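What follows is a single structure, written as structure tokens, with notes after it.
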Amino acid sequence: MQWFTGSIPEAIGQSRQKGLVFLVYIEGDNEDTQKMNAIWEDPQIAETLSKERCVAIKLDHKSEDCNQFSKLYPIVCIPATYFIGESGLPLEVVGGSLPVDEFVTKANKALETHLKSATNNAAIKPEASTAPQTSEASSSTQQSVVSSMPQEQPASQQSQEASSRDTVGTPGPSQVRQEI
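Throughout the sequence shown, residue numbering follows this note's numbering, covering 673 to 852 in sequence.
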């Protein structure tokens, strides 16, 4: 596994700039950490979580960086691995040590959720920015539609929200654009 060697803010900046998942691994001094550290060395993990797919940083549970991280993301066990999306929301949190195949499954789920979210956000942003703005009212309507869109959510949650939105009769982004 290739770990980012800079600071947390630098790692976050790089993950956002490249549109990658931000991975944070909290290690301790217990037996589960020793098991998880061995799993990080597995070639399948290195391939799944390559630097082209995520920016990964390792924190010691006693460090100041870990203390600051824990103020935003509760740490309930050590070791712990956080897969964080562009919006700062956790895509997946893995506590303890897992067998390689289970860990790869969870990692792939987080990467897939991130990819779907990034694709959805890319499709929404250009459409909102290129729509004609004929008045302040249309501009504010457009902004509220874009800001109300989900940022980093599993596909199942997005489809549930979409179906409940359709049931209530709230116009979706394409309907609003047509009304403008």
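We treat Cβ as the ideally placed atom computed from N, Cα and C, and that holds for glycine. Small disclaimer: the values here were computed from a predicted structure and weren't measured.
Contact check for His733 against Glu764 fails: the beta carbons are separated by 8 Å or more. By the 16-neighbour rule on beta-carbons within 10 angstroms, Ala782 is buried.
Separation of Lys723 and Thr785 (C-alpha to C-alpha, rounded to the nearest whole angstrom) is 18 Å. Under the criterion of beta carbons closer than 8 Å, Phe755 and Pro762 qualify as touching, at roughly 7 Å. With contacts defined by Cβ atoms closer than 8 Å, Pro751 and Tyr697 form a contacting pair.
Here Ala728 is buried. Its C-beta has 16 or more other C-beta atoms within 10 Å.
For Ile717, the closest of Gln706, Leu787, Ala779 by C-alpha to C-alpha distance is Ala779. A straight line joining the alpha-carbon of Gly757 with that of Phe741 spans about 15 Å. Considering only Ser789, Gly767, Ala790, Leu787, the residue with the shortest C-alpha distance to Lys707 is Gly767. Sequence-distant Cβ neighbours of Val693 in its own chain, meaning closer than 8 Å and more than five residues away, are Ser687, Arg725, Cys726, Val727, Phe755, Ile756, Gly757, Leu763, Ala782, Leu783, His786.
For Lys730, the closest of Asn709, Val776, Gly760, Lys788 by C-alpha to C-alpha distance is Asn709.
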